[in-house]
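The opening position of the sequence shown corresponds to residue 28 in my numbering, with each subsequent residue numbered one higher.
C-beta: ideal position from N, C-alpha, C; glycine also.
None of these values were measured; they are calculated from a predicted model.
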Amino acid sequence: MLNNLNETVHVPVLLEEVVSMMGDLQGKVIVDGTFGGGGYSRALLDAGAKKVIGIDQDPLAVKRAESWRGLYGDRLQVVNACFSEMKKITKELGENEIDGIVLDLGFSSDQLDDYERGFAFKYDGPLDMRMRGSGVSAADVLAEYDERQLADIFYKYGEERKSRQIAKLIVERREAEPLLRTQQLVDLVGQIVPSWKVQGKNPAMKVFQALRIYVNKELEELERVLPDALDLLTKGGVLGIVTFHSLEDRVVKDFFRSVGRPVAKNKYAQAVDDEGVDEKSFEVVNRKPILPSAVEVADNSRARSAKLRGLRRLR
């Protein structure tokens, strides 16, 4: 756990690639929709951005940014809110045309390493997992939801094949004692999912992912923000999104494909109507997602599953 609110141990993933995707930043206004440790925002400002509007639903991340006012002044404004409120926030700040938007859908190292938040399975802490500190916690879900509801959550949001067995054991176990700590859940899942079946990963990883996504409504927030983000972009503006698991990456990939024309035509694909393609107002920046280098993964293991996708407004 961090000793000082102003300290951060978070290393942004694909930092150079994200900044490069935004293009020439001189005089531009950028929204960092997942401010976190502030790594992207600082890099964008240092690269010449006129202004960065940071958004984060974690109040601790917003408080941490206050110490940077002396460095960036009014060029950095950070708001405590969900990124799905982006359109409302930019309007209130008088910025109706945005040159670039960055979304890093992963949790920051500061959040994961703070055992009191309950996000990480490698630390024993309360089963909370709430980004904003309000609403239903992971412990509430485990205590109050029935077996079928729990199984559906684990399967839908964690793609956990043994979701039914895990849910059944949770319901049985909570009759004897409440599940309030992360280590309790790790131990319970370990009884159903042997460690050798997940190739060195923690057996509880998918269950933790599922609870975190469900408690924070992550996929719903993502689906809500995508069309609003495109409405905000000015001509030439870029939306860059870093994803970390297949569920959120599928949402981003499918949305980009539905609204953006490809970078170049695949000669093996079926013929398409050129007029229809040209009418699209957006283009996919990169045909395939940009992945972290082997060097970055070696330095930061949390970058392993990251993918960067981009979409540019044409007109």
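Mind checking who residue i pairs with in its DSSP beta bridge?
| i | result |
| --- | --- |
| G81 | D59 and V105 |
| F309 | G287 and R340 |
| T209 | Note: T209 sits in no beta bridge, so no partner. |
| L52 | Partner(s): none; L52 has no beta bridge. |
| L260 | I125 |
| V265 | G127 and R339 |
| T270 | K334 |
| I317 | L335 |
| P153 | R208 |
| A76 | Q53 |
Going by beta-carbon coordinates alone, are residue i and residue j separated by less than 9 Å?
| i | j | result |
| --- | --- | --- |
| V129 | T61 | yes |
| D155 | R144 | yes |
| L266 | K114 | no |
| R102 | K77 | yes |
| G185 | L249 | no |
| L177 | A194 | yes |
| G152 | R208 | yes |
| G50 | G287 | no |
| L52 | V46 | yes |
| P230 | L41 | no |
| F360 | F235 | Residue coverage of the chain in this structure runs from 28 to 342, which leaves residue 360 outside it and unanswerable. |
| I219 | M48 | no |
| K233 | F181 | yes |
| I82 | E112 | yes |
| L169 | I197 | yes |
| V79 | V56 | yes |
| L257 | F309 | yes |
| F134 | G63 | yes |
| G54 | G75 | yes |
Contact check, residue i vs residue j under 8 Å by CB: the rounded distance?
| i | j | result |
| --- | --- | --- |
| G283 | R342 | First, the residue type needs correcting, since residue 283 is Phe and not Gly in the sequence shown. Not a contact, Cβ separation roughly 17 Å. |
| L87 | Q104 | So it is not a contact: roughly 17 Å between Cβ atoms. |
| R314 | P289 | 7 Å |
Within 9 Å of any Cβ in chain B, is that where the Cβ of residue i sits?
| i | result |
| --- | --- |
| K55 | Annotation note: the requested chain B is absent from the structure, which comprises a single protein chain. |
With a 10 Å radius around its C-beta and 16 neighbouring C-beta atoms as the bar for buried, classify residue i as buried or exposed.
| i | result |
| --- | --- |
| K149 | exposed |
| D301 | Low confidence applies to D301: its pLDDT is 41, below 50, so where it sits in the model is not reliable enough to give any reading. |
| E275 | buried |
| S164 | buried |
| R339 | buried |
| A330 | buried |
| A333 | buried |
| D214 | exposed |
| E323 | buried |
| G217 | exposed |
| T261 | exposed |
| L212 | buried |
| R277 | exposed |
| D85 | buried |
| L345 | This structure gives no information on residue 345, because the portion of the chain shown stretches from 28 to 342. |
| A298 | Any answer about A298 is weak, because its pLDDT of 37 lies below 50 and its placement is not dependable; what the coordinates show is given next. That one is exposed. |
For the pair the stretch 90-105 and the stretch 61-70, tell me if three or more CB-CB distances fall below 8 Å. Cβ pair count under 8 Å is three or more, so yes.
Does the stretch 203-212 touch the stretch 180-192, meaning 3 or more C-beta pairs lie closer than 8 Å? Fewer than three Cβ pairs drawn from the stretch 180-192 and the stretch 203-212 lie within less than 8 Å of each other, which leaves the two stretches out of contact.
Sufficient close CB pairs (3 or more, under 8 Å) joining the stretch 157-164 to the stretch 227-245: By the C-beta criterion, the stretch 157-164 is judged to be in contact with the stretch 227-245, since at least 3 inter-stretch pairs fall below 8 Å.
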